[in-house]
Amino acid sequence: MDDLYSAKWLAEKIGDRSIRGIALETSALIRAGVLPVGTRLPSIRDLAYELEISPATLSEAWADLRRHKVITGRGRNGTWVSGDRFVAKPERFASAGNYGPNALDLTLAVPDPSLLPPLAQALTHAARVEKLNDYERVRIIPELHEAALARWAYEPEAFLVTNGGYNAVYTAIRALVSPGSAVAIENPTAMRLLDILEDFGVKIIPVLCDEHGPTPQSLHAVLQQRPTAFLFQPRLHSVTGQTVSPDRLAELGDILDGTETLIIEDDGLGDIAGIPTQSLGGRFPERTIHIVSYSKTLGPDLRLAVLSSSASIVEQIQSYRAFSAGWTSRVLQSATAWLLREPHSFDMVAKARAIYQQRRDGLADALNCRGVPVSAGSGLCLWLPVASEGFATVTLAARNIAINPGRKFSLLPGDYIRVATSMLGEDKWDSVADAIALASTV
């Protein structure tokens, strides 16, 4: 290797020999152009020797740069500088393509706008909210506290409003979990949740699931690794459409009893689920964070979710929020409270739930008729095993149908596709089922 980029040369440029220090100082060299894109880096063994640190310490620092796509490993060919930008992005979510005007886009499992409650009256009411435009960092306004509590799974010690469900998870993880620690999460799961954990640099441990939710055996095995947190969807699973049975939730509680693991419950689909709200918060109030998002039921532009936990945990999360958005708009909080109290809103949610079920079942029945087995469930999408994920994705794309490959939602090997059904009309069920049936076999 040219002496210009030798292990000795690079070691002289790095003063802080900690994992974080090596990553930060190396990234600064790359950003400044001292280490240009395309530069082959010294071997871990040689550079660790010059830095007088263990190869394991250097490997951890390099792993951080790989996560941000700044350096790339090429097997026996070494490690190379592959980028000079350090803007983190959600890799799984951001990998969606532009499918063109003629494609049937079944990648987004989102609510049908025509099935959401109208916001005009809610926003008119909200314009008169108390302390409008005040800079007081209110955690939850009284009327939303009352409305949310009336439908909550248990009576918590404290509430906090956030700018959506994923914002709640992101903020809780950042406030309560240390980088490099372990987090257990059900597999498969929402790709946005995996993006959040991968970006933060935690060790992600998958928990296996069946038709009743995370399996007790898998959770028990995972807890032997002492994860800081267990993140799961306690009601309706956004990917598989399965619901956690009350018996299974009780079993999971039995396994979590006696541990110190933080429990993060993400109820992202809310009342699209056909079962009542449920939580482990009544059993473990001191370490459960229960999150309910209203985006799928009342409207994504409300950008609103409510979380509950102990007063201590809510204080920690709120303290972290003080670095950015110190509170969520009182206008949006008041509008959500109005909708939660308005009977017509829940009539519309019930109607939407029935239509989503009809659309999901319609495609599922068409697939079953074509010999493609589909598990019963509900929600906004289907999770389908296929012989080859790659073949299925390409075959459907050739027929102008865009779906999500299963790898976006999973940490484990397997061949699946996720097909959004929330806006799939009856006129498309047969043609989509024909294409999936063809794509499911090799």
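Here the sequence shown stands for residues 685 to 1126, numbered as in our numbering.
Think of the CB as a built atom: it goes at the ideal place given N, C-alpha and C, for glycine as much as any other residue.
Starting from residue i and walking both ways along the alpha helix (DSSP H), at which residues does that stretch end?
| i | result |
| --- | --- |
| residue 1046 | 1027-1053 |
| residue 1078 | 1073-1082 |
| residue 853 | 849-860 |
| residue 828 | 826-833 |
| residue 951 | That residue, residue 951, is in no alpha helix (DSSP H); its beta strand (DSSP E) goes 946-951. |
| residue 1113 | 1113-1123 |
| residue 1100 | No alpha helix (DSSP H) holds residue 1100; the beta strand (DSSP E) holding it covers 1100-1104. |
For residue i, which option in the options has the closest C-alpha, if you only look at C-alpha atoms?
| i | options | result |
| --- | --- | --- |
| residue 863 | 1121, 917, 818 and 881 | 881 |
| residue 1106 | 829, 825, 896 and 1045 | 1045 |
| residue 857 | 842, 699, 1081 and 879 | 879 |
| residue 883 | 1096, 861, 1099 and 1013 | 861 |
| residue 994 | 727, 973 and 1098 | 973 |
| residue 801 | 745, 1026, 706 and 941 | 1026 |
| residue 984 | 743, 700, 850 and 696 | 850 |
| residue 1076 | 941, 1113, 1098 and 1060 | 1098 |
| residue 1070 | 776, 778 and 1125 | 1125 |
| residue 977 | 907, 844 and 971 | 844 |
| residue 667 | 739, 795 and 938 | A question about residue 667 goes unanswered here, because the residues of the chain that appear run from 685 up to 1126. |
| residue 732 | 695, 718 and 710 | 695 |
| residue 921 | 894, 909 and 940 | 894 |
| residue 1009 | 842, 820 and 980 | 820 |
Look at the Cβ atom of residue i, then the Cβ atom of residue j, and state whether they are nearer than 8 Å.
| i | j | result |
| --- | --- | --- |
| residue 924 | residue 865 | no |
| residue 724 | residue 764 | yes |
| residue 1083 | residue 1119 | yes |
| residue 900 | residue 870 | no |
| residue 1123 | residue 1079 | yes |
| residue 965 | residue 840 | yes |
| residue 859 | residue 975 | no |
| residue 896 | residue 853 | no |
| residue 889 | residue 906 | yes |
| residue 650 | residue 1093 | The requested residue 650 does not occur in the structure, where the chain is confined to residues 685 to 1126. |
| residue 1004 | residue 855 | yes |
| residue 751 | residue 739 | no |
Between residue i and the ligand NAD, is the CB less than 7 Å from at least one heavy atom?
| i | result |
| --- | --- |
| residue 1039 | Of the ligands one can find in the structure shown there are none, so the ligand NAD has no counterpart to examine. |
Looking at the unbroken beta strand (DSSP E) that takes in residue i, where does it start and where does it end?
| i | result |
| --- | --- |
| residue 689 | No beta strand (DSSP E) contains residue 689, which DSSP labels as neither H nor E. |
| residue 1067 | 1065-1069 |
| residue 844 | 842-846 |
| residue 887 | 887-894 |
| residue 915 | 913-916 |
| residue 818 | Taken as a continuous stretch (DSSP letters only), residue 818 belongs to no beta strand (DSSP E), as it is neither H nor E. |
| residue 870 | 866-871 |
| residue 756 | 755-757 |
Check whether the Cβ of residue i lies closer than 8 Å to any Cβ atom in chain B.
| i | result |
| --- | --- |
| residue 717 | Chain labels in this structure do not include chain B; a single protein chain is all it has. |
Can you round the beta-carbon distance between residue i and residue j to whole angstroms, since I take them to be within the 8 Å contact cut?
| i | j | result |
| --- | --- | --- |
| residue 1037 | residue 958 | 7 Å |
| residue 1108 | residue 1043 | 5 Å |
| residue 690 | residue 721 | With a Cβ gap of about 19 Å, residue 690 and residue 721 do not count as contacting. |
| residue 1101 | residue 1068 | 5 Å |
When the Cβ atoms of the stretch 913-922 are set against those of the stretch 947-961, are three or more pairs found closer than 8 Å?
yes
When you compare the stretch 1086-1101 with the stretch 1013-1027, are there three or more beta-carbon pairs, one atom per stretch, that lie closer than 8 Å?
no
Given 8 Å, three or more beta-carbon pairs between the stretch 807-818 and the stretch 1009-1016
yes
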